[in-house]
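Q:
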């Protein structure tokens, strides 16, 4: 099906624009007691896609369907970032994700190749919206740990890993170089019990501190949708005093592999803004990130947005 979809959409771009969905500020409000913000994006996600040659447009929460529809028409792919927010907040991260997911399926069904990427909470969001809001996550103990990946058979036939080098796959499977920071997981049984395996291909699993096995990487069988439970962006762009994030050369190469892959997928459509002026007004360059190092946050930099932006 993926090959069929791509054959219908042969237009490409060399200047991809990635939308990154913002989220509620529950987890970072403590750092901004003197200001009131509505949503935020960690700068590491912005740098993650920029490092692969894309530019970023922030996606606000709490907007109507037309807002998101217009964004998909003008961007080349969307990233659902990790973080710490709830799926049951009205007009929040999950509601926006549901609209975006439904619109992306419509585009792909029409032969318009449009990729989605979910990291950590964003991976969980993909399953949440695929099940139209059903909560299926399990508690787990994968907070601030690095793991290896246990690949499923036939990994080289997957879209995500078919062009991965043997060395990269070996490093991922033998070394603990992917960083996890999650309290919820999706075990394989969740996919089986909710009839998800017909739509999603499990590519790899990992184990938490208690040896609980969870899905670490998946991709859609039909569409260019991908999810990773770990944080590839942190190896390159988040530096914690505790030193628990791997920054080895191997970890950096893994991060670059995933960013290059996703942005390469986004190059497979020719969506664009109607004018350079409208694009420039939309780009995240219009916002200045806050340096969080002195505030002792787990993030190095944050983009903060007010409700009317």
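Numbering (the working numbering), first residue to last: 2 to 310. Virtual Cβ for every residue (Gly too), placed ideally from N, Cα, C.
Taking 9 Å as the cut-off, decide whether the C-beta atoms of residue 80 and residue 119 are in contact.
A: It is a contact, given that the beta carbons lie within the stated cut-off.
Q: What are the start and end residues of the beta strand (DSSP E) that includes residue 63?
A: Unbroken run through residue 63: none, as it is neither H nor E.
Q: By the three-class DSSP mapping on this structure, what secondary structure does residue 138 have?
A: It is coil, neither helix nor strand.
Q: Does DSSP put residue 236 in a helix, in a strand, or in coil?
A: Reduced to three states, the DSSP call for residue 236 is helix.
Q: I need the boundaries of the alpha helix (DSSP H) containing residue 304, first residue and last residue.
A: From DSSP, residue 304 is part of no alpha helix (DSSP H) but of the beta strand (DSSP E) over 302-306.
Q: Go to residue 123, then tell me how far its alpha helix (DSSP H) extends in each direction, as first and last residue.
A: 122-131 is the span of the alpha helix (DSSP H), which, as asked, contains residue 123.
Q: Give me, in chain order, the residues of the same chain whose beta-carbon lies closer than 8 Å to that of residue 36; leave out the 5 immediate sequence neighbours on both sides.
A: Hits under 8 Å: 305.
Q: For residue 264, which residues from the same chain have a beta carbon less than 8 Å from its beta carbon, with the 5 sequence-adjacent residues on both sides left out?
A: Answer for residue 264: 17, 19, 50, 53, 54, 55 and 78, listed in chain order.
Q: Output the boundary residues of the beta strand (DSSP E) element that contains residue 206.
A: Residues 201-208.
Q: Can you tell me which residues form a DSSP beta bridge with residue 182?
A: In DSSP, residue 182 forms a bridge with 144.
Q: Which stretch, first to last residue, makes up the alpha helix (DSSP H) that contains residue 187?
A: No alpha helix (DSSP H) holds residue 187; DSSP gives it neither H nor E.
Q: Restricting to runs no shorter than 4 residues, where is the alpha helix (DSSP H) found entirely within the region 42-109?
A: Taking only runs of at least 4 residues, the alpha helix (DSSP H) segments lying wholly in the region 42-109 are 44-51 and 66-75.
Q: Which residue marks the beginning of the beta strand (DSSP E) containing residue 22, and which one marks its end?
A: Here the beta strand (DSSP E) through residue 22 covers 18-22.
Q: Please report the distance separating the alpha-carbon of residue 131 from that of residue 102.
A: Cα-Cα distance, rounded: 8 Å.
Q: Helix, strand or coil for residue 256? Go by DSSP, reduced to three states.
A: DSSP places residue 256 in helix when its eight states are reduced to three.
Q: Buried or exposed for residue 178, going by 16 or more other Cβ atoms inside 10 Å?
A: It counts as buried.
Q: Put residue 32 into one of helix, strand or coil per three-state DSSP.
A: Residue state, collapsed to three classes: helix.
Q: Under three-state DSSP, which class holds residue 161?
A: Note: residue 161 maps to coil in three-state DSSP.
Q: DSSP has residue 221 in a bridge; who is on the other side?
A: DSSP lists 201 as partners of residue 221.
Q: Please classify residue 240: is it buried, with 16 or more other beta-carbons within 10 angstroms of its beta-carbon, or exposed?
A: Exposed.
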